[in-house]
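Have a look at the structure below, then the notes.
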Amino acid sequence: MTRILGISGSLRRDSHNTSLLRAAVEAAADSDVELELYDGLKEVPPYDEDDDVHPRVASVARLNAAIANADAVLFATPEYNASIPGHLKNAVDWISRPVATNMLRNKPVAVVGASTGAFGAAWAQAELRKVLAALGARVLDVELPVPHAHTRFEEGELIDEEIRAGLADALEALAEEVRQRERVKVVA
Ligand SMILES: Cc1cc2nc3c(=O)[nH]c(=O)nc-3n(C[C@H](O)[C@H](O)[C@H](O)COP(=O)(O)O)c2cc1C
Numbered sequence: 025m026t027r028i029l030g031i032s033g034s035l036r037r038d039s040h041n042t043s044l045l046r047a048a049v050e051a052a053a054d055s056d057v058e059l060e061l062y063d064g065l066k067e068v069p070p071y072d073e074d075d076d077v078h079p080r081v082a083s084v085a086r087l088n089a090a091i092a093n094a095d096a097v098l099f100a101t102p103e104y105n106a107s108i109p110g111h112l113k114n115a116v117d118w119i120s121r122p123v124a125t126n127m128l129r130n131k132p133v134a135v136v137g138a139s140t141g142a143f144g145a146a147w148a149q150a151e152l153r154k155v156l157a158a159l160g161a162r163v164l165d166v167e168l169p170v171p172h173a174h175t176r177f178e179e180g181e182l183i184d185e186e187i188r189a190g191l192a193d194a195l196e197a198l199a200e201e202v203r204q205r206e207r208v209k210v211v212a
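Take 25 as the starting number for the sequence shown in this note's numbering and just add one per residue.
What follows is the structure, encoded as structure tokens:
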């Protein structure tokens, strides 16, 4: 069983990106992937290096533990002004320390995203992939832009089968990366 942590970059209740991850949970149902959504991003305080001491503040410790306990992470991010939302970047900044041993280093990650605009948060996805790569995460070459997001969901339920298939592909790509790494570990 591959354990994947889902992190939505949107905090709002009816978020299309959170709905996208919920659809991914459904897509994982008949596979050997278990996808759990993280619900504590809003509690993470603004990064302040003076507060970056041990033990870490509880919300940050919980976030790091959730990542440590997962084999891989699937992010779904909206686009805010051609980039990723500030609170998501802030959370990644907390995760990024200490640099050499941060919880995302070498962790397989993939990024998908939904926006109400025509490009499906494509810039934000690219931006997040860049930031995650800088942390040393193993960023998969997966892209799933969901444009005009308000037309793809009905009462939070994904109604686009192509996107559902894309989610299943993203999960399988993460699971395959985890399996390959396990094989390398066994051989080594
Ligand atoms: C502050 C802000 C900035 C935004 N900037 C962009 C943008 O640059 N490009 C875009 O396609 N949509 C932009 N949007 C629209 C979002 O794509 C839309 O609100 C989307 O539904 C947010 O994701 P969510 O449904 O998961 O909350 C912006 C929305 C907000 C609130």
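Note that beta-carbon positions come from the ideal geometry of N, C-alpha and C, so glycine has one too.
Any non-hydrogen atom of ligand 1 within 7 Å of residue i CB
i: residue 99; result: no
i: residue 103; result: yes
i: residue 172; result: no
i: residue 40; result: yes
i: residue 176; result: no
i: residue 141; result: yes
i: residue 150; result: no
i: residue 106; result: yes
i: residue 145; result: yes
i: residue 138; result: yes
i: residue 46; result: no
i: residue 36; result: yes
In DSSP terms, what residue i is bridged to
i: residue 134; result: 98
i: residue 169; result: 137
i: residue 128; result: Answer is none; residue 128 lacks a bridge partner.
i: residue 143; result: According to DSSP, residue 143 bridges with nothing at all.
i: residue 104; result: 107
Three-state secondary structure (DSSP) of residue i
i: residue 27; result: strand
i: residue 203; result: helix
i: residue 65; result: helix
i: residue 191; result: helix
i: residue 57; result: strand
i: residue 44; result: helix
i: residue 159; result: coil
i: residue 164; result: coil
i: residue 32; result: strand
i: residue 186; result: helix
i: residue 50; result: helix
i: residue 196; result: helix
i: residue 181; result: strand
i: residue 83; result: helix
i: residue 38; result: coil
i: residue 153; result: helix
i: residue 117; result: helix
The stretch 167–183 contacting the stretch 36–44, beta-carbon criterion three pairs below 8 Å: yes
Cβ contact check for the stretch 147–161 and the stretch 51–64: 3 or more pairs under 8 Å: no
contact_flag[the stretch 166–174, the stretch 134–151] where n(CB pairs < 8 Å) is 3 or more: Flag = yes, the stretch 166–174 and the stretch 134–151 touch.
Three or more C-beta pairs below 8 Å linking the stretch 182–190 and the stretch 87–94: Using a Cβ-Cβ distance cut-off of 8 Å, the stretch 182–190 and the stretch 87–94 are not in contact, since fewer than three pairs of beta carbons, one from each stretch, lie closer than that value.
contact_flag[the stretch 128–141, the stretch 25–42] where n(CB pairs < 8 Å) is 3 or more: yes
Sufficient close CB pairs (3 or more, under 8 Å) joining the stretch 106–124 to the stretch 65–84: yes
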